[in-house]
Amino acid sequence: AKQIEEFTDVNEGEKEIMKLWNLHVMKHGFIADNQMNEACLLFAENNAAAIVEQNLQRNFLLHLISMHDFNLIGTRTIDKAMARLLQRQAAKRDEEEEEEENRLAEEADRAFAIQRRGEQENSAAAVKEQPESSGASFVNVSFEVEPEPSVGSQDPNRVPSPLPS
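Quick note on numbering: the UniProt record's numbering labels position 59 of the sequence shown as 59, and the sequence is numbered without any gaps.
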């Protein structure tokens, strides 16, 4: 891994794929060219989550194409390996959407609970403020009345009132 970091002609994504690939090959002991199809499919299966999370899909595709250029794997392996990544990508997207839906639902539940608590507190306060019931109820209504304009002023929107007889 230290030597990979010293490469200057590859980007960080390519370096990350190389590190993952080297660990994979060493862990499973792949040594022969005829094992590379299986190695790539197993790598895609085992590392799909990391590849998708780090957005390394294109780097992995370039790795597969490079292996194809050296006649180590076939196009069918490339298709299958990328299909596994796409499945993982779709599953990750579904998980994220579900998490977002759950977060929004929890947020709505909290807002609703706060609103309900406020309504209950307001209704409890209103009950406390009301005087003892005497059987009669009164409604107190107030409104503002505009003053009558002076006799000499004319309002074009006002219909003249009839003169008293």
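Cβ atoms here follow ideal geometry from the backbone N, Cα and C, with glycine treated the same way.
As the crow flies, the alpha-carbon of Glu14 is around 15 Å from that of Ala48. In chain order, Gln57, Phe60, Leu85 place their CB closer than 7 Å to the CB of Ile51, counting only its own chain and leaving out the 5 sequence neighbours on each side. In this structure, the CA atom of Glu95 is about 59 Å from the CA atom of Glu144.
Of all alpha-carbon atoms in Glu38, Glu5, Gln115, the one lying nearest the alpha-carbon of Gly74 is that of Glu38. Rounded to whole angstroms, Glu99 and Arg93 show a C-alpha spacing of 10 Å. With 16 or more other Cβ atoms inside 10 Å of its own Cβ, Arg88 counts as buried. Following the DSSP letters along the chain, one finds Phe43 inside the alpha helix (DSSP H) bounded by residues 36 to 53. For Ile17, the closest of Ser66, Ile31, Gly29 by C-alpha to C-alpha distance is Ser66. A direct Cα-to-Cα measurement between Glu45 and Glu106 gives close to 34 Å. The C-alpha of Thr8 lies about 32 Å from the C-alpha of Arg76. With fewer than 16 other beta carbons inside 10 angstroms of its own, Phe70 counts as exposed.
The criterion of a C-beta distance shorter than 9 Å is satisfied by Leu64 and Met82.
Counting the other Cβ atoms within 10 Å of the Cβ of Met36 gives 16 or more, which makes it buried. In this chain, the alpha helix (DSSP H) harbouring Leu62 covers 57 to 69.
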